[in-house]
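For the record, in the sequence shown the residue sitting at position 23 is 23 according to the UniProt record's numbering, with numbers rising by one throughout. Beta carbons: idealized from backbone N, C-alpha and C, even for Gly. One structure is given here, and the rest of the page talks about it.
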Amino acid sequence: MSPPKFRVAICGGGVGGLVLALALARYPDISVTIYEAAKNFTEIGAGIGLWPRALKVLEKLGLRDDIFNLVGCTDSTDPAHVFHFRKSDQPNGVSFYDLTTPGGLLRLHRASVQRLLLSRLPPSCATHTSKRLLSYTQRPSSVLLKFTDGSTASCDVLVGADGLRSAVRVGLVHELRARGVVSSEHLAEARWSGEVAYRALIPMENVRKAAPGHRCITTPTEFLGKDNYILTYPIEHGSLLNFVAFQRQPTREGTKFDGAWMAVAGGHADDWTRPYDGWDAEVQQLFDCAPNPMRWAIHVAPPLPTWVSGRVTLVGDAAHAMAPHEGSGAGQAIEDAYLLGTLLGHPHTTRATLPAALAAYDRVRRPFAEGVQRRSRENGLLFTFARHDIDRARVDAGVLRDLGERVRANWAWAWETTLDGDVERAVGMLERS
Ligand SMILES: Cc1cc2nc3c(=O)[nH]c(=O)nc-3n(C[C@H](O)[C@H](O)[C@H](O)COP(=O)(O)OP(=O)(O)OC[C@H]3O[C@@H](n4cnc5c(N)ncnc54)[C@H](O)[C@@H]3O)c2cc1C
1 MSPPKFRVAI
11 CGGGVGGLVL
21 ALALARYPDI
31 SVTIYEAAKN
41 FTEIGAGIGL
51 WPRALKVLEK
61 LGLRDDIFNL
71 VGCTDSTDPA
81 HVFHFRKSDQ
91 PNGVSFYDLT
101 TPGGLLRLHR
111 ASVQRLLLSR
121 LPPSCATHTS
131 KRLLSYTQRP
141 SSVLLKFTDG
151 STASCDVLVG
161 ADGLRSAVRV
171 GLVHELRARG
181 VVSSEHLAEA
191 RWSGEVAYRA
201 LIPMENVRKA
211 APGHRCITTP
221 TEFLGKDNYI
231 LTYPIEHGSL
241 LNFVAFQRQP
251 TREGTKFDGA
261 WMAVAGGHAD
271 DWTRPYDGWD
281 AEVQQLFDCA
291 PNPMRWAIHV
301 APPLPTWVSG
311 RVTLVGDAAH
321 AMAPHEGSGA
331 GQAIEDAYLL
341 GTLLGHPHTT
351 RATLPAALAA
361 YDRVRRPFAE
371 GVQRRSRENG
381 LLFTFARHDI
391 DRARVDAGVL
401 RDLGERVRAN
411 WAWAWETTLD
421 GDVERAVGML
431 ERS
């Protein structure tokens, strides 16, 4: 067997790392190894929404039918209902907008998606669990990886798909600082958005028993209010209700979160339902059947002037962790992975021309993903009536109608655009370089 064109090490086996491995599996002349810190490949969390833009990428990797099997529906680009919006920070909530989009939003269980991606990895892709990257060192023609268990490995390209607290990002920012590209190592760290999300999966049976005919049994719904909102949608063929309660402290954005970034909410000590006192009866009914949720402090990655340093780059949350108000962090990780995989697999990309492939990836993906990051924050402000141009004392029918349209416009990229043009542009850059 001839030696590989080059060796790619993927640090992190979340959605970004696994999709990158699948995108690279199309090129048998590239050797791929995934190093995952956890004992097993697992997904913590609950539901995940995928928009048509991300779905079309998975389709290119042959996963379309499997994804639709998981959702339990057939492919369609027909207009589909996505979310029902209610103003709910009052005892009698008011319904005010229905978001309907071409193709709608696919709603899945995270663990099912992870299992699917893992099951599609070819035997040629080496995987190592319990391998937490500590640091890396770039050499003239390779990268040396050091793990916390004392072991080492080497590769020709290192991709940091290691999420919100990325070790690869820390190394990359350190290198950029040494070269004077950035002025602060703090850019390596994700910052608290001032928001906390309480997430739970509620057995739908419990909702049916406690509140027969509750809207959420059939209709994905967002219950909005000042500073706080709740998002729900059914998953797993309607057997579970994905439930996320967001709480925002605007003055705390950018400050240090005091506590674990992810933890089980602690009963009365963490009285997570209190901010919703006096809210819509429909919301109170959900609290009655919600199990103790997990608490997530929402952190976002500060934008970097580049995601590339030598033979090292980033994908997914390591590059652009964002607030979840557009349900698009994983979708953007999928796009990063596909474009990067396509560029690395291109016949023009060799050990010698790797920098050109990484540069094209960075130039095309970074501005787009950072745009989605800004839009996600913007949706969060709209959902909590916190935009500076919303008069919070007078959120009336006119304001709400306008708000629905603004949410739609801010989100439209997810169903109105595709990655195809960006792939073409990036490949063109590589071929011309
Ligand atoms: C409340 C909430 C709701 C969301 N809803 C949606 C949604 O509906 N749709 C959507 O598209 N996105 C959503 N997101 C965002 C989405 O979850 C993330 O953007 C996505 O999981 C990022 O994938 P990733 O592969 O980059 O990182 P991760 O999924 O975090 O994976 C990183 C992997 O790297 C491993 N790792 C970490 N450090 C190391 C190390 N040093 N060495 C080796 N391995 C390491 C970890 O164990 C993990 O397996 C949501 C996020 C939140 C918080």
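- Within the same chain, Cβ atoms closer than 7 Å to the Cβ of K5 are found at D29, I30, T350, the five residues on either side in sequence being excluded.
- Looking at the backbone, the Cα of F257 and that of S2 are separated by about 51 Å.
- Looking at the DSSP output, G47 sits in a beta bridge with H109.
- Taking the Cβ of S151 as the reference point, every heavy atom of ligand 1 lies at 7 Å or farther away.
- N379 and P79 have their C-alpha atoms spaced approximately 21 Å apart.
- When the five nearest sequence neighbours on each side are left out, the beta carbons in the same chain lying within less than 8 Å of the beta carbon of V182 are those of V173, L176, L304, P305, in order along the chain.
- According to the DSSP secondary-structure assignment, M262 is paired through a beta bridge with W296.
- DSSP links H84 through a beta bridge to D98, T221.
- For the alpha helix (DSSP H) assignment, the uninterrupted runs of no fewer than 4 residues enclosed by the stretch 167-219 are, from N- to C-terminal side, 167-178, 204-210.
- DSSP, read as helix, strand or coil, puts C125 in coil.
- I298 is not a Cβ neighbour of V159, given a cutoff of 8 Å.
- Each of A260, V300, G194 was checked against the Cα of R252, and the nearest Cα belongs to G194.
- Taking a cut-off of 8 Å for Cβ pairs, the stretch 307-319 and the stretch 203-218 do not touch, as fewer than three such pairs fall below it.
- DSSP lists no bridge partner for Y338.
- Note on geometry: alpha-carbon atoms of Q284 and E43 lie some 29 Å from one another.
- Shortest Cα-Cα distance from G14 to any of L224, G331, S141, A260 involves G331.
- Non-local beta-carbon contacts of L403 in its own chain, meaning distances under 7 Å to residues more than five positions away in sequence, involve L382 in chain order.
- When DSSP states are grouped into helix, strand and coil, I30 belongs to the strand group.
- Spanning the alpha carbons of Q373 and S309 requires a straight line of approximately 22 Å.
- If only uninterrupted beta strand (DSSP E) runs of at least 3 residues are considered, none is enclosed by the stretch 343-425.
- With contacts defined as CB atoms closer than 8 Å, L339 and L430 fail to qualify as a contacting pair.
- Counting C-beta pairs with one atom in each stretch, the stretch 272-291 and the stretch 224-238 have three or more that are closer than 8 Å, which means they touch.
- Not one heavy atom of ligand 1 sits closer than 7 Å to the Cβ of C125.
- Following the DSSP letters along the chain, one finds P234 inside the beta strand (DSSP E) bounded by residues 228-235.
- Apart from the 5 residues on each side of it in sequence, P220 sits with its Cβ closer than 6 Å to the Cβ of F83, Y233 in its chain, given in chain order.
- Remark: the shortest separation between the CB of V264 and any heavy atom of ligand 1 does not fall under 7 Å.
- Here D66 is actually not in contact with W279; their C-beta atoms are around 39 Å apart, not less than 8 Å.
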